[in-house]
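Taking our numbering as reference, the numbering of the sequence shown is continuous, increasing by one, and the terminal residue is 106.
Note that beta-carbon positions come from the ideal geometry of N, C-alpha and C, so glycine has one too.
From a predicted model like this one, the values you see are computed outputs, not experimental measurements.
Beneath this line is the structure, given in structure tokens, with notes to follow.
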Amino acid sequence: MAGGPQRHIDVAAPLTLSQICAQFDADFAAQIGDPTTKIALNGVIVAGDDWRAGDGDELAFLPPVSGG
Numbered sequence: 039m040a041g042g043p044q045r046h047i048d049v050a051a052p053l054t055l056s057q058i059c060a061q062f063d064a065d066f067a068a069q070i071g072d073p074t075t076k077i078a079l080n081g082v083i084v085a086g087d088d089w090r091a092g093d094g095d096e097l098a099f100l101p102p103v104s105g106g
């Protein structure tokens, strides 16, 4: 999650968002699986569950922000 600690997982094959969420504890999985959280795969915003992240890919989870 943006601003949080880095987390690393080893994967044997490319994973979907649902499969990535299953690698983490329930609280973190709920945060990254929240539809308001934007996901960047190697610096490009992706949506839905039709993409795959594999070995060497970088994911960034960007929570919603507000301000004024």
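For residue i, the three-state DSSP class (helix, strand or coil)
| i | result |
| --- | --- |
| Ile77 | strand |
| Phe66 | helix |
| Ile47 | coil |
CB-CB length for residue i against residue j, believed under 8 Å
| i | j | result |
| --- | --- | --- |
| Ile83 | Phe99 | Actually they are not in contact, since the Cβ atoms of Ile83 and Phe99 sit about 11 Å apart, beyond 8 Å. |
| Pro79 | Trp89 | Note that residue 79 is Leu in the sequence shown, not Pro. Contact holds; Cβ gap of about 6 Å. |
With 16 other Cβ atoms within 10 Å as the buried cut-off, status of residue i
| i | result |
| --- | --- |
| Ile47 | exposed |
| Ala91 | buried |
Backbone CA spacing between residue i and residue j [nearest angstrom]
| i | j | result |
| --- | --- | --- |
| Gly94 | Ser104 | 31 Å |
| Gln57 | Gly86 | 13 Å |
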